[in-house]
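Just so we're aligned, residue 15 is where the sequence shown starts under our numbering, counting upward by one.
By construction, the Cβ of each residue, glycine as well, lies at the ideal position given by its N, Cα and C atoms.
Predicted model, so just to flag it, every value in this text is computed and none were measured.
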Amino acid sequence: MSLFLAIIGGGASGLAAAIEAKRECKKAGLQLNITVFEHLNKPAKKILATGNGRCNFCNTDLSELHYFGDINLIKDVLSSKYNDSIGFFKSMGILPYFENGRIYPRSEQATSVRDALIKTCEILNVKFSTECNIDKINVKNDKFLISDNEFDAVIIATGGNSQKSQGSDGSGYKLLKDFGHKITDISPALTALTVNDKSFKDLKGLRVKGNCALYSGRKLLKEEYGEIQFTENAISGIPVLNISHFASDKKNLYVLIDICNEFSVNDLTKHFKECRYKSPTLRTEDILSGLIPQKLSYFVMKKAEIKENTPVSKLTDKNIEMLVITLKQLELKIDGVRDFDYSQVTKGGASANDFNTKTLMSEKQNGLFACGEILNVNGDCGGYNLHFAWTSGRLSGASAVKYLSNKQKV
């Protein structure tokens with residue numbers, strides 16, 4: 015007897031679920047028909063934007079400290095190691111490339127990953143139904159009714175609310191709510207921090223390495239080191255994306271950026287004082303341009319209340335003190351975070367209290383599963399969110415097959 019599984023969402027977790035389910039059904043001796051419903055014209059569009067187009071699909075450091083949300087869900091789903099994800103992709107012809115702990119496809123092309131997932135699904139006879147919006151799932155006589163078709167089990171893999179143009183529009187939350195599931199408060203994560211400074215636009219396009227510390231009032235929320243990117247009205251880059259998780263719903267936000275991280279206050283103070291006597295005719299911005307990009311030099315001088323074209327010989331000890339403080343603690347007032355359209359993932363989601371965290375089956379409805387970003391789990395930059403997508407997708411796919419196998423035996 016043929017059984018039917020519906021997967022709502024053709025993104026990373028949904029395709030992983032389909033592949034795992036097809037492979038497991040062969041082992042279980044099941045005749046399983048799988049349909050992946052996707053409202054875009056092609057599955058896995060969001061994958062193409064990951065890792066700056068290189069698809070950072072995993073990381074060698076999978077510590078729970080890189081994840082946020084329901085801790086039991088994180089522990090149970092992420093009990094596997096990074097080699098499991100590597101093996102999954104090797105089975106589809108994708109070999110890994112390691113770079114500072116991050117794992118990419120050897121081709122360093124996200125299209126390789128997307129194409130491998132889709133091609134594998136096609137080889138396994140997974141059916142795709144694209145450009146369709148599923149806004150209601152009914153249950154009748156132990157069957158799920160979707161678009162006038164009956165299914166024996168359903169996996170919700172619609173993603174969160176981030177990057178609607180890439181396929182994640184939050185529609186899956188309603189589907190789960192209809193079954194009585196609780197959705198925690200959601201907010202953008204891995205996104206830029208908007209800056210409240212009119213002169214900030216002059217720094218557009220600038221990139222500097224430094225330590226970025228996020229504060230709410232006097233409380234340090236999180237700090238990270240790395241390359242910081244400046245836009246017309248925001249800061250971005252991996253360290254900023256990672257600390258943005260802590261900015262939601264906080265007041266009196268600001269960041270302190272150490273743009274001369276490798277130098278101490280004493281080192282910089284000594285440097286400027288020596289320049290004051292050894293190179294007295296040079297302007298302050300000329301000295302600064304040996305440390306930081308020129309565009310940033312003018313911004314720093316303004317913050318330190320030093321006029322442009324000021325000869326370094328005219329700098330007082332107080333001027334140098336202010337200059338050094340600004341270099342080590344460049345303060346930027348933060349308005350908030352960029353919205354869902356600009357965020358890479360969603361913070362919050364379907365509560366783990368309503369799921370069996372070892373199988374990802376709903377406690378509210380037998381045969382209903384969920385995986386990926388729709389769940390209340392999100393991670394740092396570095397392949398963590400994609401690893402959770404693959405792992406939770408494969409777990410839900412395997413669990414659905416086991417559920418259907420047991421159901422058929424009854």
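- If you draw a straight line from the Cα of glycine 65 to the Cα of leucine 418, it comes to about 36 angstroms.
- For tyrosine 356, there is no enclosing alpha helix (DSSP H), as DSSP gives it neither H nor E.
- For threonine 134, there is no enclosing beta strand (DSSP E); the residue is part of the alpha helix (DSSP H) that begins and ends at 124-137.
- Taking C-alpha positions only, cysteine 135 is separated from leucine 235 by approximately 43 angstroms.
- As summarised for the stretch 266-296, the continuous alpha helix (DSSP H) elements at least 4 residues long and confined to that stretch are 279-292, given in chain order.
- Residue pairing by DSSP leaves isoleucine 151 without any beta bridge partner.
- Judged by their CB atoms, threonine 208 and aspartate 355 are not nearer to each other than the 8 angstroms cut-off.
- The Cβ atoms of methionine 315 and threonine 298 sit closer than 8 angstroms to each other.
- Taking the C-beta atoms as reference points, asparagine 392 is found nearer than 8 angstroms to lysine 361.
- Taking C-beta separations shorter than 7 angstroms and ignoring five residues to either side along the sequence, the partners of alanine 227 in its chain run Leu234, Glu237, Val269 and Leu270, following chain order.
- With fewer than three CB-CB distances shorter than 8 angstroms, the stretch 73-80 does not count as touching the stretch 363-374.
- A straight line joining the alpha-carbon of leucine 337 with that of arginine 290 spans about 13 angstroms.
- Taking the C-beta atoms as reference points, asparagine 275 is found nearer than 8 angstroms to glycine 224.
- In the DSSP assignment, proline 202 falls within the unbroken beta strand (DSSP E) covering 201-203.
- Annotation: leucine 389 to leucine 344 spans about 37 angstroms, alpha carbon to alpha carbon.
- If you check the CB distance, leucine 54 and arginine 128 do not come in under 8 angstroms.
- Phenylalanine 165 sits in a strand when the DSSP states are folded into three classes.
- Around the beta-carbon of cysteine 395, 16 or more other beta-carbon atoms lie within 10 Å, marking it buried.
- Contact check between the stretch 323-335 and the stretch 137-153: fewer than three CB pairs, one atom from each, fall below 8 angstroms, which does not count as touching.
- When secondary structure is reduced to three states using DSSP, proline 253 falls in the helix class.
- Rounded to the nearest angstrom, the gap between the Cα atoms of glutamate 246 and lysine 218 is 5 angstroms.
- Rounded to whole angstroms, the gap between the alpha carbons of alanine 206 and lysine 421 is 47 angstroms.
- Pairing asparagine 152 with valine 168, the inter-Cα distance amounts to about 11 angstroms.
- Separation of leucine 159 and lysine 150 (C-alpha to C-alpha, rounded to the nearest whole angstrom) is 9 angstroms.
- Contact between leucine 19 and phenylalanine 165 holds, since their C-beta atoms are separated by about 6 angstroms, short of 8 angstroms.
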